[in-house]
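Asker:
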Amino acid sequence: MKSAFIAFATAAALASPLAAEPSEGPQPLPMPPAIAAPRDVAYPGVLKLEVDATDVERRIFRIRETIPLAGAGPVTLLYPQWVPGGHSPRNALYDMAGLVVRAGGKVIPWTRDPVQVFAFHVTPPPGTAALEIEFQYLSPTAADQGRVVMTPEMLNAQWLNLAVYPAGYFARRIQIEPSIRLPEGWSFGTALETARVDRGVTYFKPVDFDTLMDSPMFAGRYFKRFDLDTSGKSPVRLNIVADRPELLAATSEQIELHRELVRQTDRLYGARHFDHYDFLLALTERMGGIGLEHHRSSENGTTPEYFIGWAKNAPARNLLPHEYNHSWDGKFRRPADLWTPNFNVPMRGSLLWVYEGQDQYWGYVLGARSGLVTKQQTLDSLAMTAATYSLGRPGRAWRSVEDTTNDPIIASRRPIPSVSWQRSEDYYSEGQLIWLDVDTLLREKSGGKKSLDDFARAFFGMKDGSWTPLTYTFEDVAKTLNDVLPYDWAGILDRRARQADQPYPLDGLARGGYRLVYTDTPTDFWKDNEASRKQVDLTYSLGLVLNREARITGVLWDGPAFRAGLTVGDQILAVNGIAYETERLKETILAAKTGKEPITLIVKDGDHFRVVPIDYHGGLRYPRLERIEGKPDLLSKIYEPLK
């Protein structure tokens, strides 16, 4: 009977009009031919790239490029799309303009691919030996257009914006000789090696296209370089550009702390995966901020007073440890699904909670071990992170850490309406708590004989001197942890990273000898962080964050402000009938703790004004860590310098 029924159902389906003929209405056109997939073969010849970066007033980079041809027939040129370190297809194609392609000096037409819009198709005339390319990169002239990368005082040349390359080849198999003309009198830092300087143009030694894209430049009128390691093994340099010359006034003590960062990282990993390393540091409020890792360098943009306002800028000093550590975690060891053969093949970031999350962990550890930040500042920062992923991220109920690894693509790192519920790249800081949990577990279960330091040396410290990327999978991570100390690491990491609605990730704190508490006074680190971000953070009391114009920039999902109907974009005009001032609002919150009346706000929402009562009586609440009596202080041990 069963076979008869199947035969009847199959015959009925074949006889159905839906199966026999198409429906009325349009049918899709065929997609264009696929672009040639990259092959691991050498591209014949060497590309030549010439960049003129002297038009700093109009923020224009002018590019000329010569691409020798591999043979006759059509050619596809690719403008890089996926940004390594940005983990997303966010390269600024819209700022590329004036594209002209020539063969033998004569202009030939190009056609943009209608689907893969970063691709340009060209059919050279027979006998063409090379294509000559011209275009301009019209970099942003204001922050609302994107990150500003050129000012009258400095520039950030990111080669991803300044070159095209032939499709069909691994980027590492394409050789290119780059050069750049800078404004007269400017100096620069880059991981590229200079071949010669001729009539104001700097020519660099030929490199593969992959290495060029991974070797950006900071250049400027006001420039200073400090040697952080001159041992001869692999030099490490700190290259600084600034808006004004007085901002370069680093003290010898401050530079020594940066040298200690290099030493502590060496002691952690026991290996280096570069032949030299260049920190690129911009002290600026005119060029856009940045923190972007590369294998032999990093792009770092931070507060202009990084050195001259040292005492108040502890929150800014995690940047360099974080990006330097990425040379090991992210660039040398790289998740297998994140590595791609060129810059137009999609990346997948399922293991960013290792790549970025563990890097976030080591960034703070190395900051403390080197003395760039104190142990207390590190603990205060950790308290802020712990509070975020207990009270401050109710979205953990529906969304896992691993799913947030898709956020660079989903949100393109733009502001979103409700970060506490939607989540946003939480693989960074919740990832930090995951790895604190692992570190304290290793220390506890081994009686202090093993730690995450052992994992770091085994996983990231292999093959000293090699800087060929080595990929890994989830199974590789779990296996190395088991080699350090047998345990159910795969199960722990699966629950912490891959599953939603897990318990608050505070086990590492408790195991480390601390508990998260809230007080009515902020830590100094909290106050410095508020000041640097130009905000008033009342997340754990009223459940909102304000900018200096009293406009709401964040609302805690289902917190007091949320329940009262407030949202991002609202502006507070008055508190209990009196004009808004930050201190008045804080005093009102404190006073309401012993009263019964709601806090009343006058709020402007576009053209609408309304009175909003908030029935909150919990007082001001700021996170900090408190020692658990009788528990070993593992956190102090973790942050202790290695000898």
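Counted the way the working numbering counts, the sequence shown spans residues 600 to 1242.
C-beta atoms are modelled at their ideal positions from N, C-alpha and C, and glycine is treated no differently.
Note that the structure is predicted; figures quoted are calculated from it, not measured.
Go to threonine 653, then tell me how far its beta strand (DSSP E) extends in each direction, as first and last residue.
Answerer: Counting along the chain, the beta strand (DSSP E) containing threonine 653 begins and ends at 645-654.
Asker: On the criterion of 16 or more Cβ atoms from any shown chain inside 10 Å, does glutamine 1098 qualify as buried, or is it exposed?
Answerer: Flag for glutamine 1098 reads exposed.
Asker: Nearest-angstrom Cα distance between lysine 1203 and valine 972?
Answerer: If I take the Cα positions, the gap works out to 40 Å.
Asker: Taking the alpha carbon of phenylalanine 817 as the point to measure from, which residue in Thr810, Asp797, Ala790 and Phe803 has its own alpha carbon closest?
Answerer: Per the Cα distances, Ala790.
Asker: Give me the residue from Ile1008, Ser999, Val699 and Asp813 with the minimum Cα distance to tryptophan 1066.
Answerer: Of the listed residues, the one whose Cα sits closest to tryptophan 1066 is Asp813.
Asker: Comparing C-alpha positions only, which one of Leu978, Leu1032, Gly819 and Leu879 sits nearest to valine 835?
Answerer: The candidate whose alpha carbon is nearest that of valine 835 is Leu879.
Asker: If we ignore side chains and look at the alpha-carbon of each, how far apart do alanine 612 and proline 632 end up?
Answerer: With a pLDDT of 47 at alanine 612, under the threshold of 50, the modelled position of that residue is not reliable, and the figure given next carries that caveat. About 33 Å.
Asker: Look at the alpha carbon of histidine 921 and the alpha carbon of tryptophan 961, and state the distance between them as a whole number of angstroms.
Answerer: Roughly 7 Å separates the two Cα atoms.
Asker: Three-state secondary structure (DSSP) at tryptophan 961?
Answerer: Tryptophan 961: helix per DSSP, three-state reduction.
Asker: Comparing C-alpha positions only, which one of Lys705, Asp842 and Asp928 sits nearest to alanine 870?
Answerer: Closest option to alanine 870, Cα to Cα, is Asp928.
Asker: Residues in the same chain with beta-carbon distance under 6 Å from tyrosine 802, minus the five sequence neighbours each way, listed in chain order, please.
Answerer: Here the set comprises Ser778, Ala794 and Arg795.
Asker: Please list, in chain order, all residues of the same chain as alanine 788 whose beta carbon is under 6 Å from its beta carbon, the five residues on each side excluded.
Answerer: Inspection of the sequence shows that residue 788 is occupied by glycine rather than by alanine. So the list reads Phe817, Asn838, Asp877 and Leu879, once near-sequence residues are dropped.
Asker: State yes or no: is the C-beta of glycine 1112 within less than 8 Å of the C-beta of leucine 1234?
Answerer: Yes, the Cβ-Cβ distance between glycine 1112 and leucine 1234 is below 8 Å.
Asker: So for valine 1144, helix, strand or coil by DSSP?
Answerer: Residue state, collapsed to three classes: strand.
Asker: For valine 1285, collect the residues of the same chain with a Cβ closer than 6 Å to its Cβ; drop the 5 residues on either side in sequence, then sort them by chain order.
Answerer: No answer is possible for residue 1285: the residues shown for the chain start at 600 and end at 1242.
Asker: Could you tell me the distance, in whole angstroms, from the CA atom of asparagine 941 to the CA atom of alanine 770?
Answerer: Cα to Cα, the separation comes out at about 5 Å.
Asker: Taking DSSP as the reference, what is the three-state secondary structure of histidine 857?
Answerer: In the structure shown, histidine 857 sits in a helix (DSSP, three-state: H, G or I).
Asker: May I have a chain-ordered list of the alpha helix (DSSP H) segments no shorter than 4 residues that lie completely inside the segment 1089-1129?
Answerer: For the segment 1089-1129, whole alpha helix (DSSP H) runs of length 4 or above, ordered along the chain, are 1106-1110.
Asker: Just verifying my parser: in three-state terms, what is the DSSP assignment at glutamine 744?
Answerer: The answer is helix: DSSP assigns glutamine 744 an H, G or I state.
Asker: If you draw a straight line from the C-alpha of aspartate 1053 to the C-alpha of arginine 895, how long is it?
Answerer: Distance between the alpha carbons of aspartate 1053 and arginine 895: 24 Å.
Asker: Cutting at 7 Å between CB atoms, please list the residues of its own chain near valine 1083, excluding the five before and the five after it.
Answerer: Taken in chain order, the residues that qualify are Leu1041, Lys1049, Asp1053, Phe1054 and Ala1057.
Asker: Taking the alpha carbon of proline 903 as the point to measure from, which residue in Tyr1086, Arg916 and Glu892 has its own alpha carbon closest?
Answerer: It is Arg916 whose Cα lies nearest to the Cα of proline 903.
Asker: By DSSP, does threonine 1003 sit in helix, in strand, or in coil?
Answerer: Correct three-state label for threonine 1003: helix.
Asker: Can you give me the C-alpha to C-alpha distance between threonine 675 and alanine 636, rounded to a whole angstrom?
Answerer: Computed Cα separation, rounded: 11 Å.
Asker: Out of Glu783, Tyr678 and Ala1130, point me to the one whose CA is closest to asparagine 912's CA.
Answerer: Comparing Cα positions, the closest option is Ala1130.
Asker: How many Å lie between leucine 1105 and aspartate 1036 at the Cα?
Answerer: Whole-angstrom Cα-Cα distance: 8 Å.
Asker: Return the chain-ordered list of same chain residues with a C-beta closer than 6 Å to the C-beta of threonine 1122, the five sequence neighbours on each side being excluded.
Answerer: Here the set comprises Asp979 and Arg1223.
Asker: Taking the DSSP output, what are the residues bridged to methionine 749?
Answerer: Paired residue(s): Leu754.
Asker: Starting from asparagine 760, trace the beta strand (DSSP E) both ways and give me its first and last residue.
Answerer: Careful: asparagine 760 lies outside any beta strand (DSSP E) and carries neither H nor E.
Asker: Using 8 Å as the threshold, is the C-beta distance between glutamate 733 and valine 763 below it?
Answerer: No, they are not a contact pair.
Asker: Report the three-state DSSP secondary structure of threonine 883 (helix, strand or coil).
Answerer: Coil.
Asker: Return the chain-ordered list of same chain residues with a C-beta closer than 6 Å to the C-beta of glutamine 715, the five sequence neighbours on each side being excluded.
Answerer: Excluding residues within five positions, the ones whose Cβ falls inside 6 Å are Ile634.
Asker: For isoleucine 1227, which of helix, strand or coil comes out of DSSP?
Answerer: DSSP places isoleucine 1227 in coil when its eight states are reduced to three.
Asker: Using the beta-carbon count (16 or more within 10 Å), is arginine 995 buried or exposed?
Answerer: Burial call: buried.
Asker: With a threshold of 6 Å on Cβ separation, who are the neighbours of arginine 866 within its own chain once the five nearest residues in sequence on each side are excluded?
Answerer: If we look at arginine 866 and ignore the five residues flanking it on each side, its Cβ neighbours are Leu1241.
Asker: Using beta-carbon positions only, say whether valine 1211 and proline 1016 come within less than 8 Å of one another.
Answerer: Not in contact: valine 1211 and proline 1016 (Cβ atoms no closer than 8 Å).
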